[in-house]
Every structure is written in structure tokens, then in C-alpha cells.
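In the working numbering, the protein residues as written are 1 to 171.
Using N, Cα and C, we set each Cβ at its ideal position, and we do this for glycine too.
First up is the structure itself, then whatever we jot down about it.
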């Protein structure tokens, strides 16, 4: 089946997929975004679809998983923002200029430490920090899950070593 044929088949399910997305998101714009993400993933993973199976069910599964993964990423980001707000309110005794300059130095150190990694290690690590699962990273990079885990572990070790001074400040 060609990409064009596949696209024609999956677009027949747009209305039912949109309604399904609307139940998840409760917002028309978010439902459209989820529908678009689902269609893009379906086209990207066309080779994973087995002809003769239920394409509508396959699309609904992609949509559900996409929604769940996006939700997890949002929760992770909100958690990080909340922690940063707690930290900044804890440090209200320090002037904001001092905090800004310290943050700038820390971010610079983190960027330098990350730049010391090859793409082999930095790409899986950054994807993991962004909230992607090991399986998703493995599929995206076309490598085994064990390799993804090893590369993330090695990146962490490298970053811990490079950013040791911040650990010593906390203790």
C-alpha cells in the first residue's frame, strides 16, 4: 500500500477520530491538534500497520496513546515549574539580580556539559528529559531499548561528573 492510498483510507475516519479526540481534550483546538498528531504518527508508522487488520481500531489506539503521552509530558513540565516556583520563593532573601546571574551561570554550565556529549548520548538523554519513554526513543532512533537505557545512563554519569560543584553546594 502506498502512502497516498494509506492517507486516503485513514482520512475516511477523520470525523470519528475528531469526536474521540474531543472527548479526551474537551477543546476543539486541542482535539484538532490531537487528530493531526495521530494522523502524522499513523503515516510515520505505516510500516507497523498490518493490512487486513482493523485500521480504525489501530488509529484509535494511536490517538489514545498520544493523548496519554502528551498528558504525562504536561504533568512533568508542570511539576518542574512548581518545583522552580518553590525554590524561588524559598530564595526570596537573595536579590533577583543575584539569582538571575547564578541561574545564567548554572544554565551555561549545563549547556557546556551537554555539549561535551556526542549526539549518540545527548539525543536520547534530552528526549528522556523531555518526557519521552524509552520505547519511544528507541523507535525514533531505530536502536534497541537496552541501548537507549545505556546511553541515558552514560549521559547522566557524564553530567554528574561535569556538574559536581552544584551537588557539593547543596550538601
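Query, Result
"Backbone CA spacing between residue 19 and residue 112 [nearest angstrom]", "46 Å"
"Cβ-Cβ distance between residue 11 and residue 37 below 7 Å", "no"
"For residue 5, the three-state DSSP class (helix, strand or coil)", "helix"
"Where the alpha helix (DSSP H) containing residue 134 begins and where it ends", "134-141"
"Rounded Cβ spacing between residue 128 and residue 139 (contact assumed at less than 8 Å)", "Not a contact, Cβ separation roughly 14 Å."
"Inter-residue spacing [alpha-carbon to alpha-carbon] between residue 133 and residue 5", "31 Å"
"Test item: CB-CB of residue 31 and residue 59 under 7 Å", "no"
"For residue 116, the first and last residue of its enclosing alpha helix (DSSP H)", "Where residue 116 is concerned, there is no enclosing alpha helix (DSSP H), given that its DSSP letter is neither H nor E."
"Inter-residue spacing [alpha-carbon to alpha-carbon] between residue 29 and residue 8", "23 Å"
"Nearest-angstrom Cβ-Cβ length linking residue 46 and residue 17, presumed shorter than 8 Å", "With a Cβ gap of about 16 Å, residue 46 and residue 17 do not count as contacting."
"Residue 148 to residue 15 span [Cα, whole Å]", "37 Å"
"Span of the alpha helix (DSSP H), counted from its first residue to its last, around residue 19", "14-25"
"Cβ neighbour criterion (16 or more within 10 Å) applied to residue 144", "exposed"
"Range of the contiguous alpha helix (DSSP H) that encloses residue 161", "145-162"
"Buried/exposed call for residue 153, threshold 16 Cβ in 10 Å", "exposed"
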